[in-house]
Amino acid sequence: MAYFRRHDTPPPDPNLLRELTELQNKMQQRIIIQKPDFDLKLIAGCDSSFIGKDSILSVFVLMTYPELEVLEKVWHHGPVELPYVPGFLAFREAPNLLEAYKKLDQKPDLIMVDGHGISHPRRLGIATHLGLHLDKPTMGVAKKLLVGKYKEPATTKGSISPLEYKGEVIANVLRTKDNIKPVFVSPGHLMDLESATEIAFNCAIKHKLPEPTRLADHYAAVFKKEVK
DNA sequence: GCGACAG
DNA sequence: ATCTTGTCGC
0 MAYFRRHDTP PPDPNLLREL TELQNKMQQR IIIQKPDFDL KLIAGCDSSF IGKDSILSVF
60 VLMTYPELEV LEKVWHHGPV ELPYVPGFLA FREAPNLLEA YKKLDQKPDL IMVDGHGISH
120 PRRLGIATHL GLHLDKPTMG VAKKLLVGKY KEPATTKGSI SPLEYKGEVI ANVLRTKDNI
180 KPVFVSPGHL MDLESATEIA FNCAIKHKLP EPTRLADHYA AVFKKEVK
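Just so it is clear: in the first sequence, position 191 is 190 by numbering that gives the first Met the number 0, and no numbers are missing.
Quick look at the structure:
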């Protein structure tokens, strides 16, 4: 039977969503958007992929900056509790990502997450959730729009266009490659938009996605085969 | 009331 | 995210 929902997943429990919305509204007060005070030497990229319906594989890739040489790659495979619901992605994926993070020998100065940061209805995209939980600078690089409006940036690499939501600029739509769909860059926590945009651009060597998230995505596919 | 909707 | 073939372009 069809649920008349885009992903054909069971309708989320209304009470749970109300509860999680409350939680995000409270977490919102703790978000700090500021110019990071670190000397960026180590950057990490993370991403998750699914194995079946209720199992998730998360990956963290640690690399040097600005050289972008890989130092470590770790992963964790675990169960997923909740279905995917736009705006609540972190509750579904963050737990497993945090487990993978624990396996890193060295910790990064900044984490680049595959998804949005504050460019979210309540400023709580997955990058922001991770930043708050780890008390660490984070930024998000998403491939698709979640909320807000923007004008298409020029088709040349390096072009940027602000993403606005409720009168605020919450992300930059950045063209990382000529004539290729742009990415949405936003600060997560302990980070600001300008720095995040600059770092995302510096990490976008020859692909649409910046190296940290691109490699995390790549290794997620590799490790997935080992698990199966 | 009608769409829009990260991974 | 995931299910999937061939195909266009650097």
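Backbone N, C-alpha and C define an ideal beta-carbon position, used for all residues, glycine too.
Query                                                                                                                                                            : Result
What do you get for E92, buried or exposed, if any count of 16 or more other CB atoms within 10 angstroms of its CB means buried?                                : buried
Find out if the Cβ-Cβ distance for the pair H128, G86 is shorter than 8 angstroms.                                                                               : no
Using the three-state DSSP reduction, which class does E71 fall into: helix, strand or coil?                                                                     : strand
Closer than 6 angstroms by C-beta to M0: which residues in its own chain qualify, once you throw out the five before and the five after it? Chain order, please. : Low confidence applies to M0: its pLDDT is 38, below 50, so where it sits in the model is not reliable enough to give any reading.
Can at least three beta-carbon pairs, one atom from the segment 38-46 and one from the segment 58-75, be found at a separation below 8 angstroms?                : yes
Please return the same chain residues whose Cβ sits closer than 8 angstroms to the Cβ of I204, not counting the five positions on each side in sequence.         : L67, E210
Put H76 into one of helix, strand or coil per three-state DSSP.                                                                                                  : strand
On the DSSP letters alone, give me the boundaries of the alpha helix (DSSP H) that S194 sits inside.                                                             : 192-202
Can you give me the Cβ contacts of P161 inside the same chain, cut-off strictly under 7 angstroms, excluding the 5 residues immediately before and after it?     : Y149, V168, N171
Tell me where the beta strand (DSSP E) around L173 begins and ends.                                                                                              : 167-173
Checking the sheet assignment: what are the DSSP bridge partners for M62?                                                                                        : I42, V69
Using only the alpha-carbon positions, how far apart do D216 and K102 sit?                                                                                       : 17 angstroms
With burial defined as no fewer than 16 other Cβ atoms inside 10 Å of the residue's Cβ, what is the status of N95: buried or exposed?                            : buried
Per DSSP, S118 is paired with what?                                                                                                                              : Answer is none; S118 lacks a bridge partner.
My output table needs one value for L162: the three-state DSSP class, helix, strand or coil.                                                                     : strand
Look at the alpha carbon of K235 and the alpha carbon of P82, and state the distance between them as a whole number of angstroms.                                : This structure gives no information on residue 235, because the portion of the chain shown stretches from 0 to 227.
Can the beta-carbon of K156 be found less than 8 angstroms from the beta-carbon of D177?                                                                         : yes
Pick helix, strand or coil for H128, following the three-state DSSP scheme.                                                                                      : helix
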